[in-house]
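Structure first, then comments.
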Amino acid sequence: MTPLLKIENLSKKFNGRTALDNISLEAYSGEVFGFLGPNGAGKTTTIKIITGLLDADSGNVQVNGFDVKKQFEKALENIGAIVENPELYGYMSGLQNLRQFRRIRSGVTEERIMESVRFVGLENRINDKVKRYSLGMKQRLGVAQAILHRPKLLVLDEPTNGLDPAGIKELRDMFKKLAHEEGVAIFVSSHMLFEMEMMCDRVGIINQGKLVDVKPIKELMEQAAGGGGTVYRFTVKPVEQALKIIASLEMPTESILEFNEQYFDLKVDNTETVIMINARLAAAGVGIMGVAPQEKCLEDIFMEITGGGGIQIA
Ligand SMILES: Nc1ncnc2c1ncn2[C@@H]1O[C@H](COP(=O)(O)OP(=O)(O)OP(=O)(O)O)[C@@H](O)[C@H]1O
Ligand SMILES: [Mg+2]
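So the sequence shown is numbered by the working numbering: it starts at 9 and just counts up by one.
Written as structure tokens, this is what we have:
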């Protein structure tokens, strides 16, 4: 399968400082590809280069096979984008904004405009002035604008910034639908891991201008379940007594990750250890209400991959 987005060896410096260091990746039809990294990692820079707003120092970008620099018009026909904030005129209605935007996109019918409006669920408010829109409505209008010409690739720079959980879910569902039902390739950046976890099929992790890893979310989760030990939550009574027993077993002190009055979380290498601890606790008369493995989330994995730091967890 040919990728809809192909980035090869992209590098960019600003005033001698490296912002992007040899980035290569591909995104395909039908997938939501998450571009995940902390502030200053290089997400917006990459997206500006993809959309032709910025030139790279070296490397190239192809969209549906068209080079963004050499065949800009052709490439642009295949891209819909929201970079930073959608460009909207507040004094015009939503519909007027879309009609205005149609002028730079050939072949967009009135019918297609209304179809896009319905897709983002703005039909009841489309005649209101945009300055009276909420942030969530503006983002939805931005999506309508970006998909007007039926682009094969949709590029979105932190589209959920500033939205409440309901607004985030609406956008997320829209992106998934576009990718999974209409075969659009979606390239979406974020610095929030939990969001990527819910929205993306694959993620590329960028840190300080370098692509650290590219993986299907599933594989990342499986990788997490395997290496580095598993965290078990012991719900016991009394916790204090249980912790004294654990201490007497001379386990590494850092293996107790968290505790409160109800439970403690312990990192162990194998299930034998869990069974052994259970037996010791029971023998000492500690009441055991539950012992359960805790699934690792993307946050933990990111910490493992990058050595931690700089990422917003929620
Ligand atoms: N026009 C510019 N001039 C100078 N430096 C820039 C410029 N644009 C970006 N940079 C630098 O390049 C690096 C990457 O910035 P970029 O905006 O791509 O990060 P980001 O991942 O989008 O971060 P954020 O999550 O804060 O939006 C940063 O160190 C930034 O200061
Ligand atoms: Mg940015």
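Ideal placement from N, C-alpha and C gives every residue a C-beta, glycine not left out.
Element boundaries [beta strand (DSSP E), containing residue i]
| i | result |
| --- | --- |
| E16 | L13 to F22 |
| A89 | I87 to I90 |
| V125 | Element bounds for V125: not the beta strand (DSSP E) but the alpha helix (DSSP H), E118 to F127. |
| V40 | V40 to L44 |
Span of the alpha helix (DSSP H), counted from its first residue to its last, around residue i
| i | result |
| --- | --- |
| L179 | P173 to E190 |
| L103 | G102 to R110 |
| V163 | Per DSSP, V163 belongs to no alpha helix (DSSP H); it is in the beta strand (DSSP E), L161 to D165. |
Residue i CB to nearest heavy atom of ligand 1 below 6 Å
| i | result |
| --- | --- |
| T59 | no |
| A287 | no |
| F327 | What the structure shows of the chain is the stretch from 9 to 322, and residue 327 is not part of that stretch, so it cannot be assessed. |
| G48 | yes |
| H157 | no |
| H199 | yes |
| E64 | For the sequence presented, residue 64 should be read as Ala rather than Glu. No - ligand 1 has no heavy atom lying nearer than 6 Å to the Cβ of A64. |
| A27 | yes |
Heavy atom of ligand 2 within 6 Å of residue i beta-carbon
| i | result |
| --- | --- |
| T52 | yes |
Assigned secondary structure, residue i (DSSP; H/G/I helix, E/B strand, else coil)
| i | result |
| --- | --- |
| N30 | strand |
| V71 | strand |
| I58 | helix |
| V151 | helix |
| G318 | Because G318 sits at a pLDDT of 48, beneath the cut-off of 50, its placement in the model cannot be relied upon, and the following sentence gives the value as read from the coordinates. Residue state, collapsed to three classes: coil. |
| F298 | Reading off the sequence shown, one finds Gly at residue 298, where the question assumed Phe. Note: G298 maps to strand in three-state DSSP. |
| R140 | helix |
| A83 | helix |
| T53 | helix |
| E303 | coil |
| R25 | strand |
Below-7 Å beta-carbon distance, residue i vs any chain B residue
| i | result |
| --- | --- |
| F202 | In summary, chain B is missing from the structure at hand, where a single protein chain is found. |
Cβ-heavy atom distance, residue i to ligand 4, below 6 Å
| i | result |
| --- | --- |
| F41 | The model depicted lacks ligand 4 and carries ligand 1 and ligand 2 instead. |
In the region 197–234, which residue ranges form an unbroken beta strand (DSSP E) of at least 3 residues, counting only runs that do not cross its ends? 210–215 and 218–224
Counting only runs of 4+ residues fully inside the region 244–294, write out the alpha helix (DSSP H) ranges in chain order. 247–256 and 279–291
Tell me, please, whether the region 210–229 touches the region 249–256 by the rule of three or more beta-carbon pairs shorter than 8 Å. no
Quick test of the definition: if touching needs 3 or more C-beta pairs under 8 Å, does the region 188–201 touch the region 149–165? yes
Three or more C-beta pairs under 8 Å: does that hold for the region 15–35 against the region 173–185? no
Touch check for the region 106–120 and the region 62–73: three-plus C-beta pairs under 8 Å? no
If we count Cβ pairs, one from each stretch, closer than 8 Å, do we get three or more for the region 141–149 versus the region 113–120? no
Segment contact, 8 Å Cβ cut-off, at least three pairs: the region 203–217 with the region 45–53: yes
Is there contact between the region 88–101 and the region 153–162, where contact requires at least three CB pairs shorter than 8 Å? yes
Whether or not the region 127–144 and the region 90–105 are in contact is what I'm after, with contact meaning three or more pairs of Cβ atoms, one per stretch, closer than 8 Å; do they touch? yes
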